[in-house]
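*Asks:*
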């Protein structure tokens, strides 16, 4: 199982999926509850709609995100990626440990279509600015 966590340029959890500079991908053994491998996925250009394709190519199964709009969630699903939104900010190690211990809880989606960031990243139709 591979988990993907959005990160800022300074390697902190990015609460908004669309603002991520990169993703850390963590391969875990859920039965043994241990981390097997880690890698960082960085796009050639900063375009949120690249993420589903890049994450699928890295073998990701589940994306842990604070917030993700409906269009982005749909784009992830089209690439066979599961998404858990409403994840509270924490270090990638803390998030992975919580997931492995079955104590990671999804809260409200931080990108519910309201708030100051909404107009910057989404169209009113729920889709991002890219062509996908």
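Residue numbers (our numbering): 2 to 133.
Beta carbons: idealized from backbone N, C-alpha and C, even for Gly.
Being a predicted model, the structure only gives us computed values, none of them experimental.
DSSP beta-bridge partners for residue 7?
*Replies:* 24, per the DSSP bridge assignment.
*Asks:* For residue 16 and residue 90, which I take to be in contact (beta-carbon distance under 8 Å), what is that distance rounded to the nearest angstrom?
*Replies:* With a Cβ gap of about 6 Å, residue 16 and residue 90 count as contacting.
*Asks:* Return the CA-CA distance between residue 82 and residue 3, expressed in angstroms with no decimal places.
*Replies:* Whole-angstrom Cα-Cα distance: 10 Å.
*Asks:* Do residue 64 and residue 10 count as a contact pair if the criterion is CB distance below 8 Å?
*Replies:* No; because the gap between Cβ atoms is not below 8 Å, this pair is not in contact.
*Asks:* If we call anything under 8 Å between Cβ atoms a contact, is residue 69 one with residue 110?
*Replies:* Going by C-beta atoms, residue 69 is nearer than 8 Å to residue 110.
*Asks:* Grab the span of the beta strand (DSSP E) containing residue 65 for me, first residue to last.
*Replies:* Residue 65 -> beta strand (DSSP E) spans 63 to 65.
*Asks:* Residue 66 and residue 42 - do their beta-carbons sit closer together than 8 Å?
*Replies:* Their beta carbons are not under 8 Å apart, which means residue 42 does not touch residue 66 by this criterion.
*Asks:* With a cut-off of 8 Å on the beta carbons, I'd call residue 19 and residue 73 a contact; round off their distance for me.
*Replies:* Yes, they are in contact, since the Cβ atoms of residue 19 and residue 73 sit about 7 Å apart, within 8 Å.
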